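Report on one structure; see the data block that follows.
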Amino acid sequence: MFKKIVALALAAGMVLSATACNSSRSEEYPVKLANITISKAPDRVIVLSDSIADILVSCGFIKKIEGRSDECTQEEISGVKTVGSKLKPDLEKISALSPDVIFADSDMPKEQLTKLNESGFTVITFVPATSMSGISDLFGNVGAVMAGETTGREIGEERAETLSVTMDDLQRLIPESKVLVTACYLYDEKGTSLKDDTPSGKLFEYLNAVNVCKAGVADDEAFNALKLANPQYIFCDIGVKDKIMKSELFKDFSAVKNKQVYELSSELFSRQGNSLVEALTDMIEIMYPSVSINPEDPIKRTESSKAETSKAETSKAETSKAETSKAETSKAETSKAETSKAETSKAETSKAETSKATTSKVKADTSLKITKDMFFEFGDIKDDIKKVQNRLEALGYFNEEKSGYYGEVTQKAVKAFQKANKLTQSGNCDYKTLTLMFSAKAKAAG
């Protein structure tokens, strides 16, 4: 990899040399983003940006994260070694981890970037997205770095689409009302606010509410504008609520009088991955307590719903096929009743042979060279996983594109196979699971 520092402006059209979607898998690398070239998939990454950490976690790249900044507090990577603050990381700790790529925010001090550059590290900094389409680009770019121009970008963009669909689904849970609801998010008791021109600032639209903190209002006029708007709900950072409730500046606000001031961590609004859904879910539960939200991760719930829809369509097709077969069998039996005894015997013999063919064993698949230490799990990206996906499809457990990415759909298919074949339902492909899956003893779905 080229040892360079680069700031990536993530607006649409800023990514250079994107490979066409129908390019071959052998053309995954190099990946070119602005003035940097990534020559191969990184095996070890350090993430200083907590927003990019959100995206890496969302896309299933957890296993490649070797180090994180103190600000990367996502539960999924809590066991990863820390390397100091995201704006002033510890160079010695970073060097000890030998990262192939370091992800940082665009506001990292130039002095710190220079130190990393001079130490020979590849540092990629990202400018925060300013729209939902920008978030799709952001996910796509991170995915491309991690897993290639085609596979990785698809993983990122599909995950961003899931994020968007989930937020739309959550919005549909909110009851319709002709009453205008106003709200805002404040970072401090002075009125520093989350503006309405960012993805997190637009979350209020999904609440069927208006963010009263408008972009473009001068700082010295912002509080007066906020006071004039008099929001019904005030969301604020942790530790700010009591200060607002006791402040003379806010004593006449509707939200204060009605005790509609709520604390939510500012991290949820600065990160541009799953945290957006978490923030939206928390605000819905506060503003619309009668709305019932599945306690399962909303993103997983949406993907599960899509998988169930696919399963239902498959079931419908199989039912239709069975009914057709039944009708044809009935027709054959009617005809049989009208034929001679010899013809009846012949028909029954034919039926027995058909039954025998139908109940024949599954054929073994030798495409995967299985070793005792072979193990696949969520987040893995390998060519061999495509062979697993092909086998699962042949057995009736998988009907998605075979990308080589071990995502939630693949994990669910493996669990279904393990359940049907009386194995531990871990969702991981260990030696025992793989050996049975590719053997003639494997039990097909249904």
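Going left to right, the sequence shown walks through residues -18 to 427 as the numbering used here numbers them. Beta carbons are placed, not taken as given, at the ideal position from N, Cα and C, and that holds for glycine. These numbers come from a predicted model, not from an experiment.
In DSSP terms, what residue i is bridged to
{"i": "V162", "result": "A190"}
{"i": "D86", "result": "F107"}
{"i": "T18", "result": "K13"}
{"i": "I46", "result": "V26"}
{"i": "K62", "result": "G48"}
{"i": "P70", "result": "G65"}
{"i": "E244", "result": "C217"}
{"i": "C410", "result": "F357"}
{"i": "I362", "result": "Y386"}
Beta-carbon proximity check, residue i vs residue j, cutoff 8 Å
{"i": "Y387", "j": "G360", "result": "yes"}
{"i": "F356", "j": "I366", "result": "no"}
{"i": "K45", "j": "M127", "result": "yes"}
{"i": "I274", "j": "L154", "result": "yes"}
{"i": "V191", "j": "T163", "result": "yes"}
{"i": "I33", "j": "F107", "result": "yes"}
{"i": "L144", "j": "L257", "result": "yes"}
{"i": "L97", "j": "I83", "result": "yes"}
{"i": "D71", "j": "P23", "result": "no"}
{"i": "V160", "j": "L37", "result": "no"}
{"i": "N255", "j": "S39", "result": "yes"}
{"i": "T235", "j": "N205", "result": "The sequence given here has Ser at residue 235, not Thr. In this structure, N205 does not lie closer than 8 Å to S235 by Cβ."}
{"i": "R252", "j": "D51", "result": "no"}
{"i": "S76", "j": "R25", "result": "no"}
{"i": "A110", "j": "S30", "result": "no"}
{"i": "V12", "j": "E130", "result": "yes"}
{"i": "M148", "j": "L261", "result": "yes"}
{"i": "K232", "j": "E170", "result": "no"}
{"i": "I351", "j": "G385", "result": "no"}
{"i": "K353", "j": "Y269", "result": "no"}
Classification of residue i by the beta-carbon crowding that lies within 10 angstroms, buried from 16 upward
{"i": "T103", "result": "buried"}
{"i": "G427", "result": "exposed"}
{"i": "A125", "result": "buried"}
{"i": "I116", "result": "buried"}
{"i": "V221", "result": "buried"}
{"i": "E73", "result": "exposed"}
{"i": "Y10", "result": "buried"}
{"i": "S227", "result": "According to the sequence shown, residue 227 is Lys rather than Ser. Answer is exposed; the Cβ neighbour count stays below 16."}
{"i": "L151", "result": "buried"}
{"i": "L207", "result": "buried"}
{"i": "Y187", "result": "buried"}
{"i": "T347", "result": "exposed"}
{"i": "T132", "result": "buried"}
Sequence-distant residues of its chain with Cβ nearer than 6 Å to residue i (five each side left out)
{"i": "V61", "result": "I46 and R49"}
{"i": "L245", "result": "F216 and D263"}
{"i": "S420", "result": "A345"}
{"i": "K342", "result": "A421"}
{"i": "A141", "result": "I116, S117 and F120"}
{"i": "E381", "result": "V390"}
{"i": "N189", "result": "I155"}
Own chain partners of residue i with C-beta closer than 8 Å, once the 5 adjacent residues on each side are dropped
{"i": "A397", "result": "Y378 and A426"}
{"i": "L175", "result": "C165, Y166, L167, Y168, S181, G182, N192, C194 and F250"}
{"i": "K400", "result": "Q406"}
{"i": "Q241", "result": "Q213, Y214, I215 and S235"}
{"i": "L349", "result": "D365, K368, V369, R372, L415 and F419"}
{"i": "V429", "result": "Residue 429 lies beyond the residue range present for the chain, which begins at -18 and ends at 427; the question has no answer from this structure."}
Close-in-space but distant-in-sequence residues of the same chain around residue i (CB under 7 Å, 5 per side omitted)
{"i": "N402", "result": "L417, A423 and K424"}
{"i": "S87", "result": "A(-12), T106, F107 and V108"}
{"i": "E370", "result": "As written in the sequence, residue 370 is Gln, which differs from the Glu given in the question. Around Q370: F379, K383 and T391."}
{"i": "I219", "result": "E244 and S246"}
{"i": "G501", "result": "Since the first residue shown for the chain is -18 and the last is 427, residue 501 is missing from the structure and cannot be characterised."}
{"i": "C53", "result": "V28, D31 and A34"}
{"i": "E266", "result": "I274"}
{"i": "E57", "result": "V38 and I43"}
{"i": "A196", "result": "K176, D177 and D178"}
- Message: Please give me, in chain order, every unbroken run of the beta strand (DSSP E) with length at least 3 that falls completely inside the region 173 to 217.
- Response: 190 to 192 and 214 to 217
- Message: Going residue by residue through the region 93 to 170, where are the continuous beta strand (DSSP E) segments of at least 3 residues, counting only ones entirely within it?
- Response: 104 to 107 and 162 to 167
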